[in-house]
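Novice: The sequence shown begins at 9 in our numbering and counts up by one. Glycine included, C-beta positions come from ideal geometry on N, C-alpha and C. Take this structure first; my questions come after.
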Amino acid sequence: MQHLPLKNPDETSGEHKALFDQIHGAFGTIPNMFKTIGNSSAALESMWTSFGALGKGKLGAKLGEQIAVMVADINGCGYCLSAHTVLGQKAGASEQEITDAQAGRSSDLKVQAALDFAGKLVNERGQISKADVDLVRSAGFSDEEIAEILAHVALNIFTNYTNEAFGVENDFPKARLRNAA
Numbered sequence: 009m010q011h012l013p014l015k016n017p018d019e020t021s022g023e024h025k026a027l028f029d030q031i032h033g034a035f036g037t038i039p040n041m042f043k044t045i046g047n048s049s050a051a052l053e054s055m056w057t058s059f060g061a062l063g064k065g066k067l068g069a070k071l072g073e074q075i076a077v078m079v080a081d082i083n084g085c086g087y088c089l090s091a092h093t094v095l096g097q098k099a100g101a102s103e104q105e106i107t108d109a110q111a112g113r114s115s116d117l118k119v120q121a122a123l124d125f126a127g128k129l130v131n132e133r134g135q136i137s138k139a140d141v142d143l144v145r146s147a148g149f150s151d152e153e154i155a156e157i158l159a160h161v162a163l164n165i166f167t168n169y170t171n172e173a174f175g176v177e178n179d180f181p182k183a184r185l186r187n188a189a
């Protein structure tokens, strides 16, 4: 059950309305997560512009979505797992690659290093060592890409917490969490 109401984009104006229009343009609809966080224009802008900025990054959409499904599973966010399963497939990830990423696995050693690093960031709440950074760097990631991995993790924690804390109703085809009750 929703703990915050869904903000009606038709009842907004100015920059708030412009953000909802951009989201609608990208998805063809406005997902419930954005309508929920959209109760605050500032929070909506923070979330939406983060997606846009990372979309222009060096990691690529496919790896970003693989990170997203893993973070969603770790945090128990069925909404984000469902959304990023769809988005991951649109980004070129196979069903098996999504399933593997959800479990923190990849047959690609470089992707595996990124997932290991992202998983450690989540599980250790950011308390990682220089050796952890050096390990992902040795897998072939630049410092720019390493910073982007962290940014993807942070954005996905933001979206996971939005959906879980506010009980956002899933409006994507449902994907199953690995540890679902």
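Please state whether DSSP places residue 145 in a helix, a strand or coil.
Specialist: Within the sequence shown, the letter at position 137 stands for residue 145. In this structure, residue 145 counts as helix in the three-state DSSP scheme.
Novice: Given this structure, state the Cα-to-Cα distance separating residue 120 from residue 127, to the nearest angstrom.
Specialist: For the purposes of this step, residue 120 is identified with residue 112 of the sequence shown, where counting begins at 1. For the purposes of this step, residue 127 is identified with residue 119 of the sequence shown, where counting begins at 1. Cα to Cα, the separation comes out at about 10 Å.
Novice: What's the C-alpha gap between residue 134 and residue 187?
Specialist: Your numbering for residue 134 matches position 126 in the sequence shown. Your numbering for residue 187 matches position 179 in the sequence shown. Approximately 23 Å between the Cα atoms of the pair.
Novice: Residues in its own chain within less than 7 Å of residue 95 by CB, not counting five upstream and five downstream?
Specialist: The sequence position of residue 95 within the sequence shown is 87, counting from 1. For residue 95, where only same-chain residues beyond five positions count, the Cβ hits under 7 Å are 73.
Novice: Counting only the same chain and skipping the five closest in sequence on each side, list residues whose C-beta sits under 7 Å from that of residue 140.
Specialist: The residue labelled residue 140 in the question sits at position 132 within the sequence shown. 125 and 128, listed in sequence order.
Novice: Just to confirm my understanding: we take residue 25, look at its own chain, exclude 5 residues before and 5 after, and list those with CB closer than 8 Å. What are they?
Specialist: For the purposes of this step, residue 25 is taken as the residue at position 17 of the sequence shown. 17.
Novice: If I follow the unbroken alpha helix (DSSP H) through residue 29, where does it start and stop?
Specialist: The residue given as residue 29 occupies position 21 in the sequence shown. Segment 22 to 35, the alpha helix (DSSP H) holding residue 29.
Novice: Is the stretch 164 to 172 touching the stretch 80 to 97, taking contact as three or more C-beta pairs under 8 Å?
Specialist: yes
Novice: May I have the straight-line CA-CA distance separating residue 115 from residue 147, to the nearest angstrom?
Specialist: Indexing the sequence shown from 1 puts residue 115 at position 107. Indexing the sequence shown from 1 puts residue 147 at position 139. Roughly 14 Å between the two C-alpha positions.
Novice: Under the assumption that residue 69 contacts residue 109 (Cβ atoms under 8 Å), give the Cβ distance between them as a whole number of angstroms.
Specialist: Here residue 69 refers to the residue found at position 61 when the sequence shown is read from its first residue. Here residue 109 refers to the residue found at position 101 when the sequence shown is read from its first residue. Wrong, their Cβ atoms sit about 13 Å apart, outside the cutoff.
Novice: Taking the straight line between their C-alpha atoms, what separation do you get for residue 117 and residue 167?
Specialist: Taking the sequence shown and counting its residues from 1, one reaches residue 117 at position 109. Taking the sequence shown and counting its residues from 1, one reaches residue 167 at position 159. Cα to Cα, the separation comes out at about 27 Å.
Novice: Suppose only complete runs of 3+ residues qualify. What are the beta strand (DSSP E) ranges in the stretch 107 to 188, listed by chain order?
Specialist: none
Novice: Grab me the residues of residue 164's own chain with a C-beta within less than 6 Å of its C-beta, minus the 5 sequence neighbours each way, in chain order.
Specialist: For the purposes of this step, residue 164 is taken as the residue at position 156 of the sequence shown. Same-chain partners within the cutoff: 76 and 79.
Novice: On the premise that residue 132 lies in contact with residue 65, defined as a C-beta separation below 8 Å, what is that separation, rounded to the nearest angstrom?
Specialist: Here the question's residue 65 lines up with position 57 in the sequence shown. Here the question's residue 132 lines up with position 124 in the sequence shown. Residue 65 to residue 132, Cβ: 23 Å. No contact.
Novice: Pull up the CB-CB distance for residue 91 and residue 13, whole angstroms please, since I reckon it's below 8 Å.
Specialist: For the purposes of this step, residue 91 is taken as the residue at position 83 of the sequence shown. For the purposes of this step, residue 13 is taken as the residue at position 5 of the sequence shown. Wrong, their Cβ atoms sit about 20 Å apart, outside the cutoff.
Novice: Excluding the 5 residues preceding and the 5 following residue 183 in the sequence, name in chain order all residues of the same chain whose CB lies nearer than 6 Å to its CB.
Specialist: The residue given as residue 183 occupies position 175 in the sequence shown. Counting only Cβ-Cβ distances below 6 Å, and skipping sequence neighbours, we find 89, 90 and 93.
Novice: Quick test of your reading: residue 60 and residue 52, contact by CB under 8 Å. State the CB separation rounded to the nearest angstrom.
Specialist: Residue 60 sits at position 52 when you count from the first residue of the sequence shown. Residue 52 sits at position 44 when you count from the first residue of the sequence shown. Actually they do not touch by this definition, with Cβ atoms about 12 Å apart.
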